[in-house]
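Chains H and A are the protein sequences, given in the same order. Start counting the first sequence at 470; every next residue gets the next number (our numbering). Start counting the second sequence at 109; every next residue gets the next number (our numbering). All C-beta atoms in this analysis are idealised placements derived from N, C-alpha and C, irrespective of residue type, glycine included. Predicted model, so just to flag it, every value in this text is computed and none were measured.
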Amino acid sequence: MGRQRACGIFSAFCILYLAFLLTGCLKPEPSADLVIVNGNEPESLDPAIITGLSEMRLTQGLWAGLTRLHPKTVAPIADLADRWEISPDKKVYTFHIRTNALWSTGEPITAEDFVYSWIRAINPETASDYAGQLFPIKNAEEFNAGKIKDSSLVGVHALDPRTLRVELNQPTAFFLDLCAFPTLNIVPRKTIEQYGDRWLMVRPLPASGPYELVTWRLNDKIRMRKNPRYWDAANVRTEVFDFLPIGSPNTALNLYETGAADVVWDKDLIPVELLDDLKNRPDYHTFTYLGTYFFRFNVTHKPFDDPRVRKVFALVINKKRLVEKITKAGEQAASHFVPPGVANYQPVPGLGFDPENARRLLASAGFPGGKGFPRLQYKFFAAAGGAAKLHAKIAVELQQMWRDELGVEIELQQIERKVFYAVQSKLDYDLSQSSWIGDYNDANTFLDMFMTNNGNNRTGWGNARYDELLRAANKETDLKLREKLFQEAESLLIRDELPIVPLYFYVGFNYYDPNKVAGIYPNILDQHPLQDIRKISGSSRRKEALAASADRQERHSLLMPAATRN
Amino acid sequence: MYFLKRLVVLAPLLLVISFLAFVLVRLSPGGPFDRERKPATPEIERNLKAKYHLDEPVWKQYGRFLSDLLHGDFGMSLKYRNHTVNDIIAQGLPVSVVLGMLAFGFAMGVGLPVGFITAAKRGRWEDYTGSVLAVLMVCIPGFVVAPLLIMFFAIKWRLLPVALWGSPWQVILPTIALGLYFSGKIARLLREGMLNTMQAEFITTARAKGLSENSVLIKHVFRLAVLPVVSYAGPLLADLLTGSFVIENIFQLPGIGVFIVNGSLNRDYTMVVGLVVLYAALLVVLNLAVDLVYTLLDPRVKYE
Chain H
470 MGRQRACGIF SAFCILYLAF LLTGCLKPEP SADLVIVNGN EPESLDPAII TGLSEMRLTQ
530 GLWAGLTRLH PKTVAPIADL ADRWEISPDK KVYTFHIRTN ALWSTGEPIT AEDFVYSWIR
590 AINPETASDY AGQLFPIKNA EEFNAGKIKD SSLVGVHALD PRTLRVELNQ PTAFFLDLCA
650 FPTLNIVPRK TIEQYGDRWL MVRPLPASGP YELVTWRLND KIRMRKNPRY WDAANVRTEV
710 FDFLPIGSPN TALNLYETGA ADVVWDKDLI PVELLDDLKN RPDYHTFTYL GTYFFRFNVT
770 HKPFDDPRVR KVFALVINKK RLVEKITKAG EQAASHFVPP GVANYQPVPG LGFDPENARR
830 LLASAGFPGG KGFPRLQYKF FAAAGGAAKL HAKIAVELQQ MWRDELGVEI ELQQIERKVF
890 YAVQSKLDYD LSQSSWIGDY NDANTFLDMF MTNNGNNRTG WGNARYDELL RAANKETDLK
950 LREKLFQEAE SLLIRDELPI VPLYFYVGFN YYDPNKVAGI YPNILDQHPL QDIRKISGSS
1010 RRKEALAASA DRQERHSLLM PAATRN
Chain A
109 MYFLKRLVVL APLLLVISFL AFVLVRLSPG GPFDRERKPA TPEIERNLKA KYHLDEPVWK
169 QYGRFLSDLL HGDFGMSLKY RNHTVNDIIA QGLPVSVVLG MLAFGFAMGV GLPVGFITAA
229 KRGRWEDYTG SVLAVLMVCI PGFVVAPLLI MFFAIKWRLL PVALWGSPWQ VILPTIALGL
289 YFSGKIARLL REGMLNTMQA EFITTARAKG LSENSVLIKH VFRLAVLPVV SYAGPLLADL
349 LTGSFVIENI FQLPGIGVFI VNGSLNRDYT MVVGLVVLYA ALLVVLNLAV DLVYTLLDPR
409 VKYE
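Below, the structure is given as structure tokens:
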């Protein structure tokens, strides 16, 4: 009897086993027109929630804003608003929504949709990390902080279904750039009110951008299909995109090499060990990128409370050696903090490599030849992806330079990522590794983080003059004067006070075969609008590529309103 | 009755496990919203904590968790903020189960014959070859086997896909990479069990009675020698069903294993607790199943 039961269990097991095989594995799906490896799994596709570049590249396909970024220059150009007026004091913007702007489900997009989406983004209940992107708007910060409860006091109002009026606290030179930023994109009110936090699971999901969401399976893929009701759908060339959430550089490269993916566009997905070979291939593209790698001093710890000591530590770093020996992807050594190429700004040169001067300064600070210098720590974290060993290698190199040039011994401590951020926030460090990627093409995205009370400062440093310069620059309407104010602030940051030491500027890196994929342009924000990307096939590949390029330029010149920036 | 009692014990056991997981994950330094970019103002950070009730005392948070759990709800993920932990389990578990079952089948399908042959042909070339193979399987970890399989089968010979999920071809390499270690382990367990059993007196008696060698090996030796393999199969199956982080990561499979590890690294409190409870439940149920199979295979085993 027992044996029969055992046989029965065994048979049942075999049947289940086969059933799993058949139901679990045999799910063939039609292939997409273009497959892109997009980096880590997005935390969300809600534009008010997301914070990372890999998420922003996806949400810009689903949710449109008043403006969007030009794929080559990343300057803001018209999107759902076809024109706008700016008041003479540059504090009031009046946007006119296109008459053919529709949700993918067919309803018209109205100015009220913008009011709802923006108020939602600053509503404390939404808990948006990036609510700060809307703080230039009158009373937005107060509403987010709960100081005012009445959303009608926030400076965004629908004058009629097609007209949106926005009042700012002060002139904001980069406000049109912000209008293209995901946090300010519009989302479907009815769906969100009905389904709450799980609104992105609804199908069909009303989309306002060039694509609609078909599938989102965590750690598997995100599939998007062209939205035929997007106002510019005629110029959206790819029907179906698949985005693969992949965090491993080796897997990304293997998929690309075997033809399972057409594009890899996350710079963390470059296997660092293969960089020397990869960077010379025609399908590997590098470009200037709005990111800076630097380290912070905790200025509340002795002896880094003395700016002379901070300067000493900066003067002995051979940054050229770091980019040539360690990073190797074409990064530029950084003497200043704001990367080159930022709109309307020429950064001021910072300190160079000057060990002699450093040793003199160290002696004057009371540590001749490094004698008596306390044993301090440089903290860095174990990164994932292509940067896995980079932080450690840089830390070792810095330690060596400080030891050789100054006779100072700095301990290295590698800690887990989350612990590292907590430690940095609590100022529980002496020196710590850091980096910053700009959100928009303006010097403010770098410089305002070191204002005294900014949550990203995390050095203990605060300077009234610096804060004053930043505030003055941000309300200055004359771009030349504004640049001067920023330059004075940056000079304070990286020449005089040095709560941080910039090490190098990042380089953007992605790979695709330009004979097979068109419409991806290197730009400073590493943003690649989906509507411009497509696969080229057939014998007329070259001709088609040229024609498409001319086409696109013409289209963008038509879209560009007379006044794109104030 | 015994099995019913075991099932009743399950609930308080899971309660204790969930409490420990809940408290331990909160004791670890760094929180779910500690990241490189801090919000512009402290109010934003406060809003974020308030939304997920992280500003409340831990006992209150645990009470909330238990109340949700009674309704079968593990809560919202703190990392993937539009997904519930239930969504993630529903998406990831079937993938891990399919992969786990395939790897389990592979491990048994390879391990049992190798173990049987090496024991039956003790001291002969089949024994030496099989034993060396089994040692190799146990010694080479999955994260070494997987890249080797990819290099040869996917990149050099272009026979199989390099990664991803969705077609039967895509499960072959991860199944081998995941199952190979356990094949070796099962082969060694069975060989050892059979060699020990073969020295028992009743086997000598069976042979003396004139039974054929095959009959002795299959009917008498194997049936007893397989018991250690059955004991091992319960926890093994639980391990395999809840996924393998390394293999899922290398082959980019959307299973649950990736979430168990990443949930801890991301301090995704709800995800960690939810998956720990799921894993514990699976482990207990599968151990119970092992005990059940024991009673079927060995009539001497009785549970009171």
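Using a C-beta cutoff of 8 Å, does residue i count as contacting chain H?
i              : result
L335 (chain A) : no
V243 (chain A) : no
M379 (chain A) : no
I368 (chain A) : no
K187 (chain A) : yes
D142 (chain A) : yes
K159 (chain A) : yes
H191 (chain A) : yes
Could you please give me the residues that DSSP links to residue i through a beta bridge?
i              : result
T755 (chain H) : H:F978
L177 (chain A) : None; L177 (chain A) has no bridge partner.
E681 (chain H) : H:R694
P971 (chain H) : H:F763
F111 (chain A) : Per DSSP, none; premise fails for F111 (chain A).
F850 (chain H) : H:I884
V635 (chain H) : H:Y562, H:V625
F710 (chain H) : H:L503, H:M693
A547 (chain H) : H:T536
L900 (chain H) : H:F766, H:Y847
Which one of the options has the shortest CA to CA distance from residue i?
i              : options                        : result
Q801 (chain H) : H:G835, H:V635, H:F756         : H:F756
L244 (chain A) : A:T350, A:F290, A:K159         : A:F290
V205 (chain A) : A:G365, A:Y402, A:W277         : A:G365
Q868 (chain H) : H:E636, H:Q846, H:H770, H:A803 : H:Q846
Y725 (chain H) : H:Y981, H:P998, H:I1005        : H:Y981
D897 (chain H) : H:L875, H:F849, H:M918, H:A627 : H:F849
N155 (chain A) : H:D917, H:N979, H:D515, H:A590 : H:A590
E878 (chain H) : H:H860, H:D899, H:K858         : H:D899
H191 (chain A) : H:W532, H:Q529, H:I518         : H:I518
V252 (chain A) : A:T237, A:W277, A:L288, A:L268 : A:L288
P511 (chain H) : A:K187, A:Y110, A:R375, A:S239 : A:K187
Spell out whether any CB of chain A is found under 8 Å from the CB atom of residue i.
i               : result
V778 (chain H)  : no
Y975 (chain H)  : no
S1009 (chain H) : Any reading at S1009 (chain H) needs caution, since the residue's pLDDT is 49, under 50, leaving its predicted position unreliable; the model's value is listed next. With 8 Å as the cut-off, S1009 (chain H) does not count as an interface residue toward chain A.
I606 (chain H)  : no
R1024 (chain H) : Only weak support is given to the placement of R1024 (chain H): the predicted model assigns it a pLDDT of 41, under 50, and the question is left unresolved by the model.
D598 (chain H)  : yes
N913 (chain H)  : no
D502 (chain H)  : no
I518 (chain H)  : yes
R567 (chain H)  : no
P809 (chain H)  : no
A729 (chain H)  : yes
Does the distance from the C-beta atom of residue i to that of residue j stay below 8 Å?
i              : j              : result
L391 (chain A) : P343 (chain A) : yes
V506 (chain H) : L713 (chain H) : yes
P540 (chain H) : L645 (chain H) : no
F261 (chain A) : L286 (chain A) : no
Y973 (chain H) : T796 (chain H) : yes
L405 (chain A) : V329 (chain A) : no
Q996 (chain H) : L538 (chain H) : yes
K607 (chain H) : N569 (chain H) : no
K159 (chain A) : E524 (chain H) : no
G665 (chain H) : G508 (chain H) : no
L514 (chain H) : L669 (chain H) : yes
A942 (chain H) : R951 (chain H) : yes
L298 (chain A) : A341 (chain A) : no
Exercise. Count the C-beta pairs between the stretch 356-366 of chain A and the stretch 680-700 of chain H that are closer than 8 Å, then say yes if the count reaches three, no if not.
Key: yes
- Query: Do the stretch 368-379 of chain A and the stretch 117-127 of chain A make contact, defined as three or more Cβ pairs closer than 8 Å?
  - Reply: no
For this session: Would you be able to state if there are at least three C-beta pairs under 8 Å between the stretch 696-711 of chain H and the stretch 660-680 of chain H?
Result: yes
Are the stretch 578-585 of chain H and the stretch 654-662 of chain H touching by the rule of at least three beta carbon pairs closer than 8 Å? yes
Query raised in the report: At a cut of 8 Å, does the stretch 862-881 of chain H reach the stretch 770-789 of chain H through at least three beta carbon pairs?
Result: yes
Count the C-beta pairs between the stretch 918-938 of chain H and the stretch 163-180 of chain A that are closer than 8 Å, then say yes if the count reaches three, no if not. no
request  = Examine the Cβ distances between the stretch 757-775 of chain H and the stretch 902-911 of chain H and report whether three or more of them are shorter than 8 Å.
outcome  = yes
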